[in-house]
Amino acid sequence: MSYLSPYECAKEFVTYTGRNIFITGKAGTGKTTFLHRFRTETTKQVAVVAPTGVAAINAGGATIHSFFQLPFTPFTPTPAGCEALIARMKMNSSRRRVIRELEVLVIDEVSMVRADVLDAIDTVLRSVRHRRSEPFGGVQVVFIGDVYQLSPVAKADEWRILSDYYRGIYFFHSRVIQEHPPVYVEFDKIFRQSDNLFIDVLNQVRNDSLSTEGLELLQSRYDPHFNPTPEENYITLTTHNFSADAINSAELEKINTTAHSFHAVVKGEFPDNAFPVDRVLILKEGAKVMFVKNDTEVPRRYFNGKIGTVTHILEEGVTVQCPDDTEEITVSPVLWENIRYTTHSETNTVEEEIIGTYKQIPLRLAWAITIHK
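Counting in this note's numbering, the sequence shown runs from -3 upward without gaps.
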């Protein structure tokens, strides 16, 4: 009997069954790679959505609220709540055609999706597709994300309403998931780290199962008088973007090399809150940076989260030296696309229409980053 890896198992389920599936795994296990390969290789009619503008751009899809025309108010999973949602829904005929032709819906960064939002998606799909007895109106749903990372947000007044209907705020607390649980597949091989001891301790912390040995290892690294030199390449973790930005600006100012400004090229419709990197990126030779996008070349030279130092600033881009790499990486501006879904007038196939683009060097300053990153 042949053994399928989690990656192969997920691909088989999505390709050859209509089952809903939850693909999870730690950072760096290949969830994003799976999504992009699936979209390229599948013959099914697919739409990709995500809870925020930045997440949608990175996934190459649309936001949940724009795709389904959902209000930002809490949804109550009652007959009256469903009727009110459908009555208020202002969905044009083009979007309805897209939803009716849809075979697979991918929800990326699903850890940030609230339970009521998923039930609202279920309600819209059942209504528009006229298949009210089937979960998600018969659409196969692929959930991708890690619930140990970013969580859903509900204000106190919103939770006062929702707590009457849900035991928790996560997507898996939704009624549609409680009644129709998806297949669970976890990607377990980390590609961004090779230190097995470090990976093991990270997993223990992640699962709240830190062993005595793991705790002793972490305690052995504690130094109350720690004051690293710039050459030691340590990164400061912050809780908020403004704190990281302040540290990065101060560190950049200390470097006595020429500052170069790289201006993003924005075309068409591309909302400010979906910009994946700074519109004006200021860099100097010697600046510590982090890549914010996976390389599309083969073999892959960099990945989202890889750290390095700017060594040269050229007309065609920036050269970065990463620790443990023997060769420098020359990175040029890359393109992010803002898309919307349409249907072909003759074939009724679901198509992606590029309505805007954002072109910028995929780097950000990285003396400090947020814990979320």
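Glycine residues also receive a C-beta, built at the ideal position from the N, C-alpha and C atoms.
Tell me which residue opens and which closes the alpha helix (DSSP H) that residue i is part of.
i: Phe64; result: Ile60 to Phe64
i: Phe299; result: Segment: none, Phe299 is in no alpha helix (DSSP H) and carries neither H nor E.
i: Arg84; result: Pro75 to Arg84
i: Tyr3; result: Pro2 to Tyr12
Buried or exposed for residue i, going by 16 or more other Cβ atoms inside 10 Å?
i: Ser170; result: buried
i: Thr208; result: exposed
i: Val42; result: buried
i: Ala362; result: buried
i: Ile367; result: exposed
i: Pro70; result: buried
i: Pro47; result: buried
i: Gly164; result: exposed
i: Glu293; result: exposed
i: Glu105; result: buried
i: Arg156; result: exposed
i: Arg91; result: buried
Compare the Cα-Cα distances from residue i to each of the options and report the closest residue.
i: Thr11; options: Gly210, Val138, Ala51 and Ser123; result: Val138
i: Phe18; options: Pro2, Gly24, His32 and Arg33; result: Pro2
i: Leu98; options: Asp104, Ala46 and Val124; result: Val124
i: His256; options: Thr235, Ile243, Thr307 and Lys302; result: Thr307
i: Tyr166; options: Leu146, Asp320, Val181 and Glu182; result: Leu146
i: Gly423; options: Val106, Asp184, Arg35 and Ser216; result: Summary: the structure shown does not reach residue 423, with the chain confined to residues -3 through 369, and so no result is reported for it.
i: Asn229; options: His236, Glu247, Asn290 and Glu4; result: Glu247
i: Ile60; options: Val109, Val100 and Gly77; result: Val109
Within a Cβ cutoff of 6 Å, which residues of the same chain sit near residue i, ignoring the five residues on either side of it in sequence?
i: Asn269; result: Gly49
i: Pro73; result: Asp115, Tyr161 and Arg171
i: Val120; result: Phe64
Ordered along the chain, which non-local residues of its own chain (more than five positions away) have a Cβ less than 7 Å from that of residue i?
i: Met(-3); result: Below a pLDDT of 50, predicted positions are generally treated as unreliable, and Met(-3), at 45, falls in that range; no measurement from the model is reported.
i: Gly352; result: Lys263, Gly264, Glu265, Phe266 and Asn334
Can you tell me whether residue i sits near the ligand ZN, meaning its C-beta is under 8 Å from at least one heavy atom of the ligand?
i: Arg93; result: The ligand content of the structure shown is nil, which means the ligand ZN is not present either.
Cα separation between residue i and residue j?
i: Glu249; j: Ala283; result: 10 Å
i: Val288; j: Asn252; result: 25 Å
i: Pro295; j: Thr29; result: 14 Å
i: Tyr180; j: Thr13; result: 14 Å
i: Gly301; j: Arg360; result: 10 Å
i: Arg84; j: Arg127; result: 20 Å
i: Val44; j: Ile365; result: 28 Å
i: Asn192; j: Val113; result: 38 Å
i: Gly210; j: Ser239; result: 30 Å
i: Ala242; j: Ala150; result: 28 Å
Given residue i, which residues of its chain have a CB within under 8 Å of its CB, disregarding the five upstream and five downstream residues?
i: Gly313; result: Thr326, Val327, Ser328, Pro329 and Ile357
Verify the CB distance criterion: does residue i have a CB-CB separation below 9 Å to chain D?
i: Pro67; result: Absence of chain D from the displayed structure is noted, only one protein chain being present.
Starting from residue i, follow the beta strand (DSSP E) in both directions and report where the run begins and ends.
i: Lys372; result: In the structure as shown, the chain begins at -3 and stops at 369. Residue 372 is therefore absent and cannot be evaluated.
i: His256; result: His256 to His259
i: Val181; result: Val179 to Phe183
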